[in-house]
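Just so we're on the same page, the numbering used here is the position in the sequence shown counted from 1, plus 1110.
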Amino acid sequence: MSPVTRRGFLMLGTAGLLSACSAVGPAPGTTTSPAQLSTASITAAINGVRAANGRPPLAYNPRLEAAARAQAQLMARRDQLSHDLGVTLRQRVTTAGYDGAVGENLAGGQKTLQQAIQGWLDSPSHRETLLSTRFTEFGLAAASVGDGRKSRYGTYWAMIAGGSFDAWR
């Protein structure tokens, strides 16, 4: 993730609060491309949507981000949207050093984080993962197919939500 200045962090936090006024999704006109992603912009977008839907915020977890990044990059390398490309979600999070319960949302083809989030909100099972109160933290990453190859989706998105196994008992 790119470093964020204090001023930039405050501006993104304010944008996140304002986006929470939206009924179900990201604020109209708000766009964050993969090149613009930062921990602050990701957290503001995800927690803005959660707040707009009456859910508590999630903490950002670098281990879950590492697992999400591994999946997004694998999907981009293979140009394939799938939860299991030879490495399961549990294997990815364990490799990243995360031991809790997890859920994963994937997307492909969206040019902005807000479009990926809207796609998840429009899908009942993805919406459940995004808005679940059983999860307390998350990580998110995007990767694009490079080297000029023609691609089915172009950009791939992965969000992994995590929390205690006790919440599922």
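Beta carbons: idealized from backbone N, C-alpha and C, even for Gly.
Secondary-structure assignment with DSSP links alanine 1252 through a beta bridge to Trp1267. Annotation: serine 1261 to alanine 1169 spans about 33 Å, alpha carbon to alpha carbon. If you ignore the 5 residues before and after tryptophan 1278, its C-beta comes within less than 7 Å of the C-beta of Ala1211 and Arg1244, all in its own chain and listed in chain order. Less than 8 Å separates the beta-carbon of glutamate 1175 from that of alanine 1251. In the three-state reduction of the DSSP assignment, valine 1212 falls in the strand class. Apart from sequence neighbours up to five positions away, the residues of its chain that approach proline 1144 with a beta-carbon distance below 7 Å are Ala1252, Ser1254 and Thr1265, ordered along the chain. Distance from the CA of leucine 1240 to the CA of serine 1151, rounded to the nearest whole angstrom, comes to 16 Å.
Taking C-alpha positions only, glutamine 1201 is separated from serine 1235 by approximately 22 Å. Under the criterion of beta carbons closer than 8 Å, leucine 1191 and leucine 1184 do not qualify as touching, at roughly 11 Å.
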